[in-house]
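Here's the structure we're looking at; comments come further down.
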Amino acid sequence: MISGRVWKFGDNINTDLILPGHVMFLADEERQRYLFQANRPEWINLVRQGDIIIAGQSFGMGSSRPAALALRNVGVTCVIAESLGRLFFRNAVNFGLLVLECPGIFAAFEEGQNATVSVDDFSVRNDATAKTLQAKPVPKSLLKLMLGGGIFPVLERDGLIASALPPTAAKAKK
Amino acid sequence: MGQTIAEKILSRQNVASRPVKAGDLIDADLNGLLVLWWPAIRNVYKKIGFKNGPPTVWDKEKAYLMLDHYQPPVDEAYARGNLEARRDAARLGLKHFYDSEMGISHHMMMDYGHVRPGELLVGNDSHVICFGALNAAATGIGNDEEAYALAFGKLFFSVPQTIKVVLRGKNPNYPIGKDIILYLAGKYSDSFAQNRSMEFVGPLASDMDLATRMTLADHAVELGAKFGLFLADDKTLEFVRARTDQPFETTAPDADAEYVQTIEVDCDAIGPQVAKPFRFDNVSPVGEVSGLKVDQARIGSCANGRFEDIEIAARMLKGRKVARGVRFYISPASMAVYRQCAEAGLVADLIAAGAQFQNPGCTICGRQVVLNEEVCISSTTRNSRGRMGGPSCSDAKIYLAGPATVTAAAIAGRIVDPREFLHD
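If you read the protein sequences in the order shown, they are chains A and B. Note that my numbering has the first sequence beginning at 7, numbered continuously upward. Note that my numbering has the second sequence beginning at 3, numbered continuously upward.
Structure below.
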């Protein structure tokens, strides 16, 4: 179960809004300060670890830039939208951010209410109204990546790539 | 049941060697991988313990490393990224490395013969989808996944449903690709092809030149699509065979392929279209915005930076000048296109008429600033808030239009129907 405070964003929140192109070359920690700067500049100061984003149609449409990573890094644990941009979805899988498509979700929540998401049955509950919606299931293999921290942490745990342990620890291991 | 182009290509590339249908989730072998943003890819490897970048790549001949977007570098970090790529390309023994060449990498891929009909390619830029103009299934991925693909040469794909778009009508005497795609966005919304493949077919699709097909295939992503595909015909084969002797398998849909939607478009009835701020689907016919004064006009980007997109500007400006107070910028999609324009005398003519040529590349579509007080009409890819100049320029007004409409605005100093300049 994932539970958190809801932020609402509307339709067509594209990657130019989520993560502007001109900060592409900054380090991850600096880059994420620019989240939603064009449409909601105060948000970055208000978001907390564990928050959930609920959005309208086509959240994340647009470019390949690592918008999902930036959202995860500032504490967002889940994005639930009426529909998702396909490249944003792929990025979310690979960067380890839980994202779900859930028709009807936008109208079911007011900003600031609490949402509880089950990754077993993909239900989304509004804790304030007790209304429950059904998100579209994510295939198991992709869910494993989303919940496991993304593509490389999962490969590492599966023993498919060398561990990224600090150099001293790696040496001691040998 | 027959198969769509997407289903055929993904069946052929399916790791499990089984035919696929829409809805299947598969692993597929890649025919090619376009790698850009090398410092970002290198960084992914660094994070997982390879401090000097990838130790090896899956296939030295199928990974195409191109340093593009903003060349030559104007800051040290970007130049250093080029240097690291140069060293890594040599160390890894990459056969195809384009060293900080000015241009847009996805167009360089086509210009250098690295995109062939029937292939499956990906790259870490959303607009690699434009390879569909050459009958190749291509789509964008993010950097972490790009690093993964570089090591393993295969990725998961959900096999998309397909929307068939039947294009009818005559080629007008100006490039019409942008007008068609904006019309589709305006009518069906900018997400109606979300996660789907689009097949552009019909008599006009056959009649149109490759540049126009590239505009449509490129912009399929602005409608949310995974692939934007054309059939391979004589024009395709002539272009591809002049550039590569690698074998390939052109791919057409079966007659009984299943489509989620079929759209018939009478392109004669469309006319010039304009996307108003700040959405790709906020579209109206040019007449509804005519009279609006513009400060900048731009032709370029992966959507409209080919020879034909620049030739129309030269043709319309013959005997005319760019209006005072308008900055008219032109950026060819690649050095190959630039050369073609130079050889045809277009560069000299356009400069004489008051246009400004800038480096081939992506600057014109994003980094180049439009201030909040300004209006820009542009043939580039996107018009969302802050697209040109970042969040502090989020009120800058970007209108998207085809190159004829952009040129007409550059001549008139305001948005006008380009057809009034096309009769003589």
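Glycine residues also receive a C-beta, built at the ideal position from the N, C-alpha and C atoms.
For residue i and residue j, what's the separation of their Cα atoms in angstroms?
i: glycine 10 of chain A; j: alanine 121 of chain A; result: 6 Å
i: leucine 239 of chain B; j: serine 208 of chain B; result: 13 Å
i: aspartate 164 of chain A; j: arginine 308 of chain B; result: 46 Å
i: tyrosine 340 of chain B; j: aspartate 351 of chain B; result: 14 Å
i: serine 89 of chain A; j: methionine 337 of chain B; result: 39 Å
i: threonine 6 of chain B; j: cysteine 269 of chain B; result: 24 Å
i: leucine 294 of chain B; j: tyrosine 185 of chain B; result: 20 Å
i: valine 408 of chain B; j: proline 119 of chain B; result: 32 Å
i: proline 279 of chain B; j: arginine 198 of chain B; result: 25 Å
i: phenylalanine 31 of chain A; j: asparagine 145 of chain B; result: 13 Å
i: alanine 406 of chain B; j: glutamate 313 of chain B; result: 10 Å
i: phenylalanine 128 of chain A; j: aspartate 31 of chain B; result: 31 Å
i: lysine 177 of chain A; j: phenylalanine 52 of chain B; result: For lysine 177 of chain A, the predicted model reports a pLDDT of 41, less than 50, meaning its position is unreliable and no value from the coordinates is stated.
i: methionine 110 of chain B; j: arginine 281 of chain B; result: 28 Å
i: aspartate 77 of chain B; j: alanine 18 of chain B; result: 46 Å
i: glycine 392 of chain B; j: glutamate 35 of chain A; result: 18 Å
i: lysine 172 of chain B; j: glycine 388 of chain B; result: 36 Å
i: valine 117 of chain A; j: lysine 137 of chain A; result: For clarity, residue 117 of chain A is glutamate in the given sequence; the question names valine instead. Spanning the two alpha carbons is a distance of roughly 15 Å.
i: proline 47 of chain A; j: serine 394 of chain B; result: 10 Å
i: proline 249 of chain B; j: asparagine 33 of chain B; result: 12 Å
i: arginine 92 of chain A; j: isoleucine 157 of chain A; result: 17 Å
i: leucine 85 of chain B; j: proline 362 of chain B; result: 20 Å
i: leucine 149 of chain A; j: valine 117 of chain B; result: 32 Å
i: tryptophan 13 of chain A; j: isoleucine 60 of chain A; result: 6 Å
Contact criterion: CB-CB distance below 8 Å. Does residue i meet it with respect to chain B?
i: aspartate 22 of chain A; result: yes
i: aspartate 96 of chain A; result: The residue you asked about is not aspartate; residue 96 of chain A is arginine in the sequence shown. Interface residue, yes.
i: serine 70 of chain A; result: yes
i: proline 143 of chain A; result: no
i: glutamate 162 of chain A; result: yes
i: phenylalanine 115 of chain A; result: no
i: asparagine 100 of chain A; result: yes
i: serine 9 of chain A; result: no
i: isoleucine 167 of chain A; result: yes
i: asparagine 18 of chain A; result: yes
i: proline 26 of chain A; result: yes
i: proline 47 of chain A; result: yes
Give the interface partners of residue i over in chain B, defined as CB-CB distance under 7 Å, in chain order.
i: alanine 44 of chain A; result: Arg387, Gly388, Pro393, Ser396
Anything in chain A within Cβ reach of residue i, meaning under 9 Å, just list it in chain order.
i: glutamine 196 of chain B; result: Gln63, Ser64, Met67, Ser89, Leu90, Gly91, Arg92
i: isoleucine 143 of chain B; result: Ser70, Leu93, Arg96, Asn97, Asn100
Does residue i get closer than 8 Å to chain A when you measure Cβ to Cβ?
i: lysine 189 of chain B; result: no
i: arginine 384 of chain B; result: yes
i: glycine 134 of chain B; result: no
i: aspartate 26 of chain B; result: no
i: aspartate 192 of chain B; result: yes
i: lysine 62 of chain B; result: no
i: tyrosine 331 of chain B; result: no
i: arginine 281 of chain B; result: yes
i: alanine 79 of chain B; result: yes
i: tyrosine 66 of chain B; result: no
i: glycine 363 of chain B; result: no
i: arginine 369 of chain B; result: yes
i: isoleucine 50 of chain B; result: yes
i: tyrosine 432 of chain B; result: Beyond the ends of chain B as shown, which are 3 and 426, falls residue 432 of chain B; an answer cannot be given.
Enumerate in chain order the residues of its own chain whose CB-to-CB distance from residue i is below 8 Å, with the five nearest sequence positions on each side excluded.
i: isoleucine 413 of chain B; result: Met318, Leu319, Arg322, Lys323, Val324, Ala325, Phe423
i: valine 59 of chain B; result: Ala65, Leu94, Leu96, Leu152, Ala153
i: alanine 175 of chain A; result: The predicted model places alanine 175 of chain A with a pLDDT of 40, which falls under 50 and marks its position as unreliable; any figure quoted below should be read in that light. Cβ within range, chain order: n/a, list empty.
i: valine 80 of chain A; result: Gln38, Leu41, Ile50, Val53
Which same chain residues end up closer than 7 Å to residue i when comparing Cβ atoms and leaving out the 5 residues on each side of it in sequence?
i: valine 2 of chain B; result: Residue 2 of chain B cannot be examined here, being either before or after the span of chain B that is shown, 3 to 426.
i: threonine 252 of chain B; result: Pro119, Gly120, Asn137, Ala234
i: glycine 76 of chain A; result: Checking the sequence shown, residue 76 of chain A turns out to be alanine, not glycine. Once the five neighbours on either side are set aside, the close Cβ partners of alanine 76 of chain A are Leu25, Arg37, Gln38, Leu41.
i: arginine 78 of chain A; result: Phe101, Gly102, Leu103
What distance in whole Å lies between the Cβ atoms of residue j and residue i, which are believed to be in contact at a cut-off of 8 Å?
i: aspartate 311 of chain B; j: proline 177 of chain B; result: 6 Å
i: leucine 123 of chain B; j: leucine 69 of chain B; result: Incorrect: roughly 18 Å between the Cβ atoms, too far for contact.
i: isoleucine 8 of chain A; j: phenylalanine 65 of chain A; result: That pair is no contact at about 17 Å.
i: serine 191 of chain B; j: aspartate 283 of chain B; result: 5 Å
i: glutamine 275 of chain B; j: glycine 226 of chain B; result: Their Cβ separation, rounded to whole angstroms, is 18 Å, which puts glutamine 275 of chain B and glycine 226 of chain B out of contact at 8 Å.
i: isoleucine 417 of chain B; j: isoleucine 379 of chain B; result: 6 Å
Name the chain A residues whose beta carbon is nearer than 8 Å to that of residue i?
i: aspartate 127 of chain B; result: Ser69, Ser70
i: aspartate 220 of chain B; result: Ordered by position in chain A, no residue passes the 8 Å Cβ test against aspartate 220 of chain B, which lies about 13 Å from the chain.
If I measure Cβ to Cβ from residue i and keep anything under 6 Å in the same chain, skipping five residues before and after, which residues do I get?
i: threonine 21 of chain A; result: Gly68, Ser69, Arg71, Ala73
i: arginine 215 of chain B; result: Ala135, Phe232
i: alanine 98 of chain A; result: Ala74, Val105
i: arginine 421 of chain B; result: none
i: alanine 259 of chain B; result: Gly4, Gln5, Thr6
i: glycine 16 of chain A; result: Gly62
So residue i contacts chain B; which residues on that side make the cut at Cβ distance below 9 Å?
i: glycine 156 of chain A; result: Asp146
Residues of the segment 220-252 of chain B whose Cβ lies closer than 9 Å to any Cβ of chain E, in chain order: Of the chains in the structure shown, none is chain E; the protein chains are A and B.
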